[in-house]
Every structure is written in C-alpha cells, then in structure tokens.
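Here is the structure we will look at, set down as structure tokens.
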Amino acid sequence: MADRSVHVAMKNITKTFGSVIATDNMNLEVEKGEIHALLGENGAGKSTLMNMLSGIYIPDSGHIFIDGEETRISSPRDALKAGVGMIHQHFKLVEVLTSLENI
1086 MADRSVHVAM
1096 KNITKTFGSV
1106 IATDNMNLEV
1116 EKGEIHALLG
1126 ENGAGKSTLM
1136 NMLSGIYIPD
1146 SGHIFIDGEE
1156 TRISSPRDAL
1166 KAGVGMIHQH
1176 FKLVEVLTSL
1186 ENI
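The opening position of the sequence shown corresponds to residue 1086 in this note's numbering, with each subsequent residue numbered one higher.
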C-alpha cells in the first residue's frame, strides 16, 4: 500500500452565521498532487469551507492541518504564509490585502 501524504486536512469544521449552520463538523483531506471538486447545491457550505481554509472566515470549531501540523488560519495572510491560496470563481478582492497581494 502506498504511503499517504496528506497535505491539507480539515477536521470537524463548524461555522455558523447567527442561527444558520453553514458547516457542521465537516471533514476534508487532500493528499499532495490530488485534484478535488466540491459539488453540492447552493447553500451546502462549499464556499464557506474554502473561505475558512483561505482565511476569509474563521471556523467556530474544528482544526486545520497543513502537512500534519495544526495551523491556525485567521486571515488571508495566515493562509498565504501556510501556502494556501484560493482563486475565486468570480473576481473578489480580499480587503485586508494590498492591491499587489490581491493580484
């Protein structure tokens, strides 16, 4: 059996907006070199999950691991330092980043 090399792991990630539960104990593991697609209906939590990985939202609970190390991502800058970036389907500026960093 090949040795698994999990690059990104999100464990028991929960995010709420008021009384709306956007993600509820979601888990995701991505091995190095893999390509994934997140599919689901509108409002299923796909964008919310990725926005937490990229530092736009902060999870209410759960843990994010990069290369096996628990990583606190509380801003887009933290995500970039951890080697995580995101390309949005629709162009979107990240307000806390400079113009150059948004390119």
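For every residue, glycine included, the Cβ atom is placed at its ideal position computed from N, Cα and C. Note that the structure is a prediction, hence the values are computed from the model and not measured.
Exposure label - residue i; buried when at least 16 CB within 10 Å
| i | result |
| --- | --- |
| N1127 | exposed |
| T1183 | exposed |
| F1102 | exposed |
Whole-angstrom distance between residue j and residue i, CA atom to CA atom
| i | j | result |
| --- | --- | --- |
| L1165 | V1105 | 28 Å |
| I1178 | L1185 | The sequence given here places Leu at residue 1178; Ile does not occur at that position. Roughly 11 Å between the two C-alpha positions. |
| K1117 | I1143 | 24 Å |
| I1158 | G1140 | 5 Å |
| M1086 | A1129 | Because the pLDDT of M1086 is 44, which lies under 50, any placement of that residue in the model is unreliable, and the number read from its coordinates should be weighed accordingly. When rounded, the distance between both Cα atoms is 34 Å. |
Own chain, CB closer than 8 Å to residue i, minus 5 neighbours either side, in chain order
| i | result |
| --- | --- |
| V1093 | L1113, E1114, V1115, L1138, I1149, F1150, I1151 and V1169 |
| G1076 | What the structure shows of the chain is the stretch from 1086 to 1188, and residue 1076 is not part of that stretch, so it cannot be assessed. |
| K1131 | L1123, L1124 and G1125 |
| M1135 | L1123 and M1171 |
| V1181 | S1160, P1161 and R1162 |
| N1187 | L1178 and V1179 |
Residues of its chain near residue i, where Cβ-Cβ distance is below 6 Å and the 5 sequence neighbours each way are ignored
| i | result |
| --- | --- |
| T1133 | K1100, A1107 and T1108 |
| K1154 | Checking the sequence shown, residue 1154 turns out to be Glu, not Lys. Here the set comprises nothing. |
| V1091 | E1114 and E1116 |
Beta-bridge pairing of residue i - partner residues as DSSP gives them
| i | result |
| --- | --- |
| S1184 | BP columns for S1184 are empty, so no partner. |
| E1119 | The partner list for E1119 (beta bridge, DSSP) is empty, contrary to what the question assumes. |
Beta carbon proximity, residue i to chain B, threshold 9 Å
| i | result |
| --- | --- |
| V1093 | Protein chain content of the structure displayed is limited to a single chain, and chain B is not contained in it. |
Spatial neighbours of residue i in its chain, beta-carbon cut-off 7 Å, leaving aside the 5 residues before and after
| i | result |
| --- | --- |
| H1121 | V1115 |
| A1167 | I1151, T1156 and I1158 |
| D1145 | T1099, K1100 and T1101 |
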